[in-house]
Structures are given as structure tokens and as C-alpha cells.
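A.B. asks: Chains as they are written, first to last, in our numbering: chain A, 1 to 113; chain B, 1001 to 1117.
Glycine included, each C-beta is placed from N, C-alpha and C at the ideal position.
1. Grab me the residues of residue 1105 of chain B's own chain with a C-beta within less than 8 Å of its C-beta, minus the 5 sequence neighbours each way, in chain order.
2. Would residue 1063 of chain B count as contacting chain A if we go by Cβ distances under 9 Å?
3. Would you call the stretch 104-111 of chain A and the stretch 52-70 of chain A touching, i.e. three or more CB-CB distances under 8 Å?
4. Looking at residue 1006 of chain B and residue 1022 of chain B, is the spacing between their C-beta atoms short of 9 Å?
5. For chain A, is any of its Cβ atoms less than 9 Å away from the one on residue 1092 of chain B?
6. On the CB-based measure, 16 or more other CB atoms within 10 Å of its CB, does residue 1092 of chain B come out buried or exposed?
7. Which term fits residue 61 of chain A, buried or exposed, when burial requires 16 or more other beta carbons within 10 angstroms of its beta carbon?
8. Residue 4 of chain A touches chain B at which residues, Cβ-Cβ below 9 Å?
9. Take the Cβ of residue 112 of chain A as the centre, count every other Cβ of all protein chains shown within 10 Å, and call the residue buried at 16 or more, exposed below.
10. Determine whether the beta carbon atoms of residue 1076 of chain B and residue 1047 of chain B lie at a separation below 9 Å.
11. Restricting to Cα atoms, I'd like to know which of B:1026, B:1019 and B:1065 is closest to residue 1108 of chain B.
12. Contact defined as beta carbons within less than 8 Å: I believe residue 76 of chain A pairs with residue 35 of chain A. What is the distance between those atoms, to the nearest angstrom?
13. Going straight from the alpha carbon of residue 1012 of chain B to that of residue 1020 of chain B, what length do you get?
14. Against chain B, which members of the stretch 97-111 of chain A pass a CB distance test of less than 8 Å?
15. Under 9 Å between the Cβ atoms of residue 23 of chain A and residue 11 of chain A?
16. Could you check where the beta strand (DSSP E) with residue 67 of chain A kicks off and where it finishes?
17. Bridge partners of residue 86 of chain A, per DSSP?
18. Can you pull the DSSP bridge partners for residue 14 of chain A?
19. For residue 66 of chain A, return the contacting residues in chain B, with the cut-off set at a CB-CB distance below 8 Å.
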């Protein structure tokens, strides 16, 4: 059974720091992996999607990498800002013909001025 | 476009009561789904629909019922509420299943907080 783990569960950093969020999955046979942002009381917003054939994706100050063989993905946030404060979730899609995303429990990030 | 709209935002139910969580999208998306989010467990898929008139079960379907009579609406019914159904419920949509398998963006509603006492 695929399990997705995110460590740490919470992170507090000063503004301007570069930081890395981790996502681990137990079964390397995934179709793709997505990173989401969730603000308090809000839904999820898709940030980056990495297909299983890709190694990384970039959007602005965000860079997500994928290492299927080791069952790991990282989300790198450069020059963090208070507006980056949110919960970040990763989710894996198991195969081409499945509708289910397996979510991690998230990392709650606080960036203080 | 309003995107994905969920109502109500908050609801308190007594054990045994029934209710419907509403979900509507105005993006003409074929694919809609319901997830629940519980502390320490991540989001889990309850039911999904690939188009009007077609629904299927996800990972945790027991105690819930869905229907899809129109493209826009995908209500989630709690038949007889139990304290274990206390959770945050999210509705999501994507344009179609082909797009979904290509890894297109999934759109989430803002959630419905349900407490069963």
C-alpha cells in the first residue's frame, strides 16, 4: 500500500531563508507527483506537477524535484516571504488509469518577518 | 468564473441526522470528486464522477452517497451522520479524464467543515 509522508510536520523560518520541504513515498511506481498549497480555511491550490519521467519542475521561486528510485520529492522555496506561510501538501497519482491521489499529511510553514 | 463552490462552509449535525453538502463548478468540467481531510491522515477520496450520470466509489465511500444529474453539480449526501464523519470535506474538479491523466491542474473548493455530535 502506497504511503506518503511529509517531514517536518511544521517549520518556522525567518524571512529570506531558502528552505526545503520533503515528501517520501513507499512505492516508487507512481505516475506523477504534485505539490499543493493550502491556506487556513481554504482549499488546495496546485503549485507544481512532476510527471514520473521528469526530474524537476520550476515555477518562480519554487522548484520541485523527484527521485522515484529513492521514493523522494523535495520542494525548494527560494528567498522565503511571509506570504509563503501555508501548509504544503504533496500527493502521488499511482498510475495512468487510477483516479485517486494519495496525499501526505502536509508541512505547515510559517515565515516570520 | 467562480470556480468550485461548496456550501455550507460550516455545519453541526447530530448523530443520525442526514444532510447534503453541495458542490458546483462553472468551468464545464467533466470530472468531479469529493475528498475528506482529517488530522494526521491527509486527504482521502470518497466518491468521484467522470461525467453526468456516472459516479464511482473512492477510498472511503461508506456512509456517503452521491449523484451527478448535471455537469455543474455534484452533491455529497450523508445518510445517517456519525461522529467519525466529523471532518473537512473538499470538492474538486478537472476538465476531463484525459486531461486528468495528463496531469492537468485540479481545482479545489474552499471546504466544508462538518462536526457530528
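C.D. replies: Looking at the coordinates:
1. In the second chain, counting from the first residue as 1, residue 1105 of chain B sits at position 105. Cβ neighbours of residue 1105 of chain B beyond the five flanking positions: 1094.
2. One-based indexing of the second chain puts residue 1063 of chain B at position 63. Answer no: the Cβ-Cβ gap between residue 1063 of chain B and chain A never drops below 9 Å.
3. no
4. As a first step, residue 1022 of chain B is located in the second chain; it is residue number 22 there, counting from the start. As a first step, residue 1006 of chain B is located in the second chain; it is residue number 6 there, counting from the start. Cβ distance < 9 Å, so residue 1022 of chain B and residue 1006 of chain B count as in contact.
5. Position 92 of the second chain, counted from the first residue, corresponds to residue 1092 of chain B. Cβ-Cβ to chain A under 9 Å: yes for residue 1092 of chain B.
6. Reading the second chain from its first residue, position 92 is the one you call residue 1092 of chain B. The residue is buried, with at least 16 neighbouring Cβ atoms inside 10 Å.
7. Within the first chain, the letter at position 61 stands for residue 61 of chain A. Exposed.
8. Locating residue 4 of chain A in the first chain gives position 4, where the first residue counts as 1. Per Cβ cutoff of 9 Å: 1042.
9. As a working note, residue 112 of chain A is residue 112 in the first chain. Residue 112 of chain A is exposed by the Cβ-count criterion.
10. Translated into the one-based positions of the second chain, residue 1076 of chain B becomes position 76. Translated into the one-based positions of the second chain, residue 1047 of chain B becomes position 47. Contact flag set, yes.
11. Mapped onto the second chain, residue 1108 of chain B falls at position 108. The shortest Cα separation from residue 1108 of chain B among B:1026, B:1019 and B:1065 belongs to B:1026.
12. Here residue 76 of chain A refers to the residue found at position 76 when the first chain is read from its first residue. Here residue 35 of chain A refers to the residue found at position 35 when the first chain is read from its first residue. Incorrect: roughly 10 Å between the Cβ atoms, too far for contact.
13. In the second chain, residue 1012 of chain B corresponds to position 12, counting from 1. In the second chain, residue 1020 of chain B corresponds to position 20, counting from 1. Going by the C-alpha atoms only, they are around 12 Å apart.
14. 97, 99, 100, 101, 102, 103, 104, 105 and 106
15. One-based indexing of the first chain puts residue 23 of chain A at position 23. One-based indexing of the first chain puts residue 11 of chain A at position 11. Not closer than 9 Å, so no.
16. Looking up residue 67 of chain A in the first chain gives position 67. Residues 62-67.
17. Along the first chain, read from residue 1 onward, the residue named residue 86 of chain A stands at position 86. According to DSSP, which records beta bridges pairwise, residue 86 of chain A is partnered with A:109.
18. The residue labelled residue 14 of chain A in the question sits at position 14 within the first chain. DSSP lists A:112 as partners of residue 14 of chain A.
19. Locating residue 66 of chain A in the first chain gives position 66, where the first residue counts as 1. Neighbours of residue 66 of chain A on chain B: none; closest Cβ ~12 Å, over 8 Å.
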